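These protein sequences, in sequence, are chains A and B. Position one of the first sequence corresponds to residue 1 (our numbering), numbered consecutively onward. Position one of the second sequence corresponds to residue 572 (our numbering), numbered consecutively onward. Ideal Cβ placement from N, Cα and C applies to all residues, glycine included. Source: prediction; values computed, not measured. Working notes, beginning with the structure itself.
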Amino acid sequence: MANLNIDSVKDRTFDAIVIGSGMSGGWAAKELTDKGLKTLILERGRDVKHIKDYPTTNMYPWEFEHRGELPVAIKEANPIVNRCYAFGEDAAHFFVKDNDHPYVQEKPFDWIRGYQVGGKSLLWARQTQRWSEFDFEGPARDGFAVDWPIRYKDIAPWYSYVEKFAGISGNRDGIPELPDGEFLPAFPLNTVETYFSNHVKSKYSNRHVISARCAHLSKPNQIHLDQGRVQCQERILCQRGCPFGGYFSANASTIPWALKSGHATLRPFSVVQEIIYDEKKGKASGVRVIDTNTKEAIEYYADIIFVNAAALNTNLVLLNSTSHRFPNGLGNDSGVLGKYVAFHNYSAHIGAEYDGDKEWTTDGRNPAGGGYIPRFRNVYKQETDFLRGYASGFSAYRYQQRPWDGVGASLKDNLVKDNLSGWKVGSHMMGETIPKESNYVALDKALKDQWGIPQLKISVAYDDNDEKMKKDYVEQLTEMFTSAGFTNIKASTDNRAPGLDIHEMGGARMGNDPKTSVLNKWNQMHAVKNVFVTDGACMTSTSCQNPSLTYMAFTARAADYAVSEMKKGNI
Amino acid sequence: MHRRTVIKNLALIIGGAAILPACHRIEGKVSVTLKNVDISADQEKLVSDIAETIIPKTTTPGARDLNLHLFVFKMLDDCYKKEDQQAFMTGMGQFTDAVKNKYDKPFSDLSQKQREDVLLSIENDKDEKCTANPKELKSFYGIVKNQTVNGYVKSKYFMTKQVVYELVPGRYNARFPYKQKQSA
Ligand SMILES: Cc1cc2nc3c(=O)[nH]c(=O)nc-3n(C[C@H](O)[C@H](O)[C@H](O)COP(=O)(O)OP(=O)(O)OC[C@H]3O[C@@H](n4cnc5c(N)ncnc54)[C@H](O)[C@@H]3O)c2cc1C
Ligand code: SF4
Numbered sequence: 001m002a003n004l005n006i007d008s009v010k011d012r013t014f015d016a017i018v019i020g021s022g023m024s025g026g027w028a029a030k031e032l033t034d035k036g037l038k039t040l041i042l043e044r045g046r047d048v049k050h051i052k053d054y055p056t057t058n059m060y061p062w063e064f065e066h067r068g069e070l071p072v073a074i075k076e077a078n079p080i081v082n083r084c085y086a087f088g089e090d091a092a093h094f095f096v097k098d099n100d101h102p103y104v105q106e107k108p109f110d111w112i113r114g115y116q117v118g119g120k121s122l123l124w125a126r127q128t129q130r131w132s133e134f135d136f137e138g139p140a141r142d143g144f145a146v147d148w149p150i151r152y153k154d155i156a157p158w159y160s161y162v163e164k165f166a167g168i169s170g171n172r173d174g175i176p177e178l179p180d181g182e183f184l185p186a187f188p189l190n191t192v193e194t195y196f197s198n199h200v201k202s203k204y205s206n207r208h209v210i211s212a213r214c215a216h217l218s219k220p221n222q223i224h225l226d227q228g229r230v231q232c233q234e235r236i237l238c239q240r241g242c243p244f245g246g247y248f249s250a251n252a253s254t255i256p257w258a259l260k261s262g263h264a265t266l267r268p269f270s271v272v273q274e275i276i277y278d279e280k281k282g283k284a285s286g287v288r289v290i291d292t293n294t295k296e297a298i299e300y301y302a303d304i305i306f307v308n309a310a311a312l313n314t315n316l317v318l319l320n321s322t323s324h325r326f327p328n329g330l331g332n333d334s335g336v337l338g339k340y341v342a343f344h345n346y347s348a349h350i351g352a353e354y355d356g357d358k359e360w361t362t363d364g365r366n367p368a369g370g371g372y373i374p375r376f377r378n379v380y381k382q383e384t385d386f387l388r389g390y391a392s393g394f395s396a397y398r399y400q401q402r403p404w405d406g407v408g409a410s411l412k413d414n415l416v417k418d419n420l421s422g423w424k425v426g427s428h429m430m431g432e433t434i435p436k437e438s439n440y441v442a443l444d445k446a447l448k449d450q451w452g453i454p455q456l457k458i459s460v461a462y463d464d465n466d467e468k469m470k471k472d473y474v475e476q477l478t479e480m481f482t483s484a485g486f487t488n489i490k491a492s493t494d495n496r497a498p499g500l501d502i503h504e505m506g507g508a509r510m511g512n513d514p515k516t517s518v519l520n521k522w523n524q525m526h527a528v529k530n531v532f533v534t535d536g537a538c539m540t541s542t543s544c545q546n547p548s549l550t551y552m553a554f555t556a557r558a559a560d561y562a563v564s565e566m567k568k569g570n571i
Numbered sequence: 572m573h574r575r576t577v578i579k580n581l582a583l584i585i586g587g588a589a590i591l592p593a594c595h596r597i598e599g600k601v602s603v604t605l606k607n608v609d610i611s612a613d614q615e616k617l618v619s620d621i622a623e624t625i626i627p628k629t630t631t632p633g634a635r636d637l638n639l640h641l642f643v644f645k646m647l648d649d650c651y652k653k654e655d656q657q658a659f660m661t662g663m664g665q666f667t668d669a670v671k672n673k674y675d676k677p678f679s680d681l682s683q684k685q686r687e688d689v690l691l692s693i694e695n696d697k698d699e700k701c702t703a704n705p706k707e708l709k710s711f712y713g714i715v716k717n718q719t720v721n722g723y724v725k726s727k728y729f730m731t732k733q734v735v736y737e738l739v740p741g742r743y744n745a746r747f748p749y750k751q752k753q754s755a
């Protein structure tokens, strides 16, 4: 039963509500409170306070009970999340366990989630690239999904805006398909990464190997120090939470910033069940949450609502928000809500060796992880038998080979010998996938979660385009590796399910036409003007760049628009 | 005589107060009980002797000084599947019998050289088809070997005194000269 104590209605009324406190919700909270709005941040998980709630952050390897490995019982109880590379003894407490929030896999889908203040921003790999004009014009040019209602020039200033605050390291590479941003100094490529970069430049006019751009404070500015963050110390233990605030997370940056304004109220343990639609006013009046500790239902009210529950949970909340006006989910006049879900294709890798440059190695650790090869396929025109293209990671490394063979004093000697390997090189693909109506999420008709909310049914799969692209990645990278003189080249593909890329997008896409899209060019619902969706659910297509920077930029832009519309009395 | 081994001090040794940062570690004795495997005192002694043969005390500490056999049991108990644990137990019996048959004395009474010979003959038996050593015996030895070395190279001693681990490097030099050190 909803708690409808009239006296407390005032206490439960805010200017704005933000659903979810992760990567995008943190930005909504920061922007709305910066503009003076009394904002309620609702988070289904527990609070995770910067530094204080990072229990493993300063632990040495020998301080972990199993030296970093997870017990079999945990792995077997969590086959899904266990497939995520970052699910280890040091960070498992920031991941949702399989049984905590079950879902229905109509087709196999590894749904990787972080339910806590900060969401997945604690865990991410911090890779940040802008989209380009080629990405926003993609669907219109290549005839899939619907046209994006914006172009690069609309979002460019907002990329700059969020980059300055978050702190992004990178070089100004001058590549049209990967626009430059407001960068802190890049983490440099190492000797062999540089060799490969030069080789590729000399051989291919439109292929580039650049320093990976990432959300690390290589050299903080005053705005970062003002957040209480300091220079990244190259620990690369980021998934534990960083005591220096060296990388961008909602916990280190936007959430404390919003709370410091005095305008924000953070309510953890509050799962939003639905958004309440007021038929008379023709807009949303608030949300109904279930307190996850007491199971009590409570309603909160506000003039504007930002939905930032992470792409698929945002779809769930919207689909579950039904009313006389919207029997099929909030703002779903078009019937496309939940459909055209897409993701990134990470299912191919390649490794090799390089025999040169043995007089060089690296010292310390590189938070950026190495190099990045922006998309080079089908950029200016269609040139292959598949649509769109892929970006690739690229890195080169050496390691101490300390053989464990044998026993006794000689083994002990081998374990400390300086015996650096030659250079190894590796790459993985990051492919764009095409949103399709048949890739969808919906509410399961029968199954509910422990709070009585319908479970999400996920039906998303690869297609022929993905298979062709995967093949092309293997061929092209093999060719590039061969021509660079790399040896022992081994390409491998895997049959991972969608989802493990953790870049799921779509379901409530943006578009010009309310008949075929849910949101307008301001991330505002066509049909419910005071509801904004600025996480991955809004994405019309997926590009092949990592998505989070774009969610941040969309969020800041939409918050600016929402507040100006509010002031004009339009919402 | 079977008893459920109570591993004292284990948490202290391998940092059992896992949720507390290093500086807040509680000093004192902590007991950890194995949940899934039953290890007798004799078996504990056997694994300890094998571990000491793998990583012997030299001018630097060995397996016994670092209690690595307790780490082997901890990992066996938590990080291996039922069937691996069963193979470990069966293989441990086979190991004891094989030593007895060959030398007519228990492993603990063998010379250092004999102990090394026993272990190396199992380790060097890489042929799947070869039946000289039963498969469980090889599993048993494989687990003891891997976890002894794993525990050694990830011990506080090794990571602070031998190959120093840096929690906070505070630098990244992308182009760093390398010349292999002359090994002793
Ligand atoms: C290991 C890993 C590596 C990654 N690497 C990268 C990378 O390199 N680059 C990149 O761009 N992206 C990366 N990502 C993806 C990135 O983390 C996400 O894109 C990003 O966090 C999404 O932001 P979000 O705000 O939509 O969701 P989240 O950050 O997940 O936040 C959503 C929040 O909403 C809460 N919530 C959900 N449902 C409800 C509800 N009903 N009521 C209340 N609260 C709710 C959740 O608990 C969560 O806190 C990675 C992710 C992982 C896990
Ligand atoms: S690499 Fe930088 S951001 Fe990551 S944990 Fe280390 S200091 Fe923190």
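Chain A within 8 Å of residue i, Cβ atoms only
i	result
Met663 (chain B)	no
Asp620 (chain B)	no
Leu738 (chain B)	yes
Val577 (chain B)	At Val577 (chain B) the pLDDT is 38, less than 50, meaning the model places this residue with poor confidence and gives no usable figure here.
Tyr749 (chain B)	yes
Lys600 (chain B)	Any reading at Lys600 (chain B) must be qualified, since the residue scores a pLDDT of 28, below 50, and its modelled position is unreliable; the value itself is stated next. By this cut-off, Lys600 (chain B) is not an interface position.
Arg746 (chain B)	yes
Met660 (chain B)	no
Lys752 (chain B)	yes
Leu617 (chain B)	no
Leu690 (chain B)	yes
Where residue i meets chain A, residues with beta-carbon distance less than 9 Å
i	result
Lys652 (chain B)	Val72 and Glu76
Tyr674 (chain B)	Here the premise fails: no neighbours, minimum Cβ distance about 17 Å.
8 Å Cβ cut-off: residues of chain A touching residue i
i	result
Gly741 (chain B)	Gln233, Glu234 and Gly364
Glu687 (chain B)	Val407 and Gly408
Gln733 (chain B)	Leu415 and Val416
Thr624 (chain B)	Val407 and Gly408
Pro627 (chain B)	Gly408, Ala409 and Lys412
Residues that DSSP places opposite residue i in a beta bridge
i	result
Tyr440 (chain A)	A:Ser459
Arg44 (chain A)	DSSP lists no partner for Arg44 (chain A).
His526 (chain A)	Per DSSP, none; premise fails for His526 (chain A).
Cys214 (chain A)	A:Gln127 and A:Ser169
Tyr195 (chain A)	None; Tyr195 (chain A) has no bridge partner.
Thr39 (chain A)	A:Ala16 and A:Ala264
Pro454 (chain A)	A:Lys448
Thr493 (chain A)	A:Ala348
Ser427 (chain A)	A:Ile350 and A:Phe394
Pro748 (chain B)	A:Trp360
Test: residue i CB closer than 8 Å to a CB of chain B
i	result
Thr191 (chain A)	yes
Asp418 (chain A)	yes
His66 (chain A)	yes
Phe486 (chain A)	no
Chain B contact residues for residue i, given Cβ-Cβ distances below 7 Å
i	result
Phe187 (chain A)	Tyr743
Glu575 (chain A)	It is not possible to answer for residue 575 (chain A), since the shown part of chain A is limited to 1 through 571.
Cutoff 8 Å: residue i Cβ touching any chain E Cβ
i	result
Leu639 (chain B)	No chain E appears in the structure shown, which is made up of the protein chains A and B.
Residues in the region 354-387 of chain A having any Cβ partner in chain B nearer than 8 Å:
Lys358, Glu359, Trp360, Thr361, Thr362, Asp363, Gly364, Arg365, Asn366 and Pro367
Inset, instruction - Pull out every residue of the region 398-416 of chain A whose Cβ sits closer than 9 Å to any Cβ of chain B, in chain order. - result: Within the region 398-416 of chain A, those residues whose Cβ lies closer than 9 Å to any Cβ of chain B are, in chain order, Arg398, Gln400, Arg402, Trp404, Asp405, Gly406, Val407, Gly408, Ala409, Leu411, Lys412, Asp413, Leu415 and Val416.
Check: Does the region 346-358 of chain A come within contact of the region 484-495 of chain A, defined as at least 3 CB pairs closer than 8 Å?
Finding: yes
By the 8 Å beta-carbon criterion, what residues does the region 207-230 of chain A contribute toward chain B?
Residues of the region 207-230 of chain A whose Cβ lies closer than 8 Å to any Cβ of chain B: none.
Q | Within 7 Å of chain A by C-beta, residues of the region 702-721 of chain B in sequence order | A | Val720 and Asn721
Worksheet entry | Meets three-Cβ-pair contact criterion under 8 Å: the region 103-112 of chain A and the region 188-201 of chain A | Too few Cβ pairs lie closer than 8 Å, so no.
- Query: Quick one: any contact between the region 388-408 of chain A and the region 416-424 of chain A, if contact means 3 or more CB pairs under 8 Å?
  - Reply: yes
**Request:** Could you run through the region 305-327 of chain A and flag, in chain order, every residue whose CB is less than 7 Å away from some CB of chain B?
**Result:** Answer in chain order: no residues at all.
Residues of the region 603-615 of chain B in Cβ contact with chain A at a cutoff of 8 Å, in chain order, please. none
Item to check | Cβ contact (3+ pairs, closer than 8 Å) linking the region 324-341 of chain A and the region 74-89 of chain A | outcome: no
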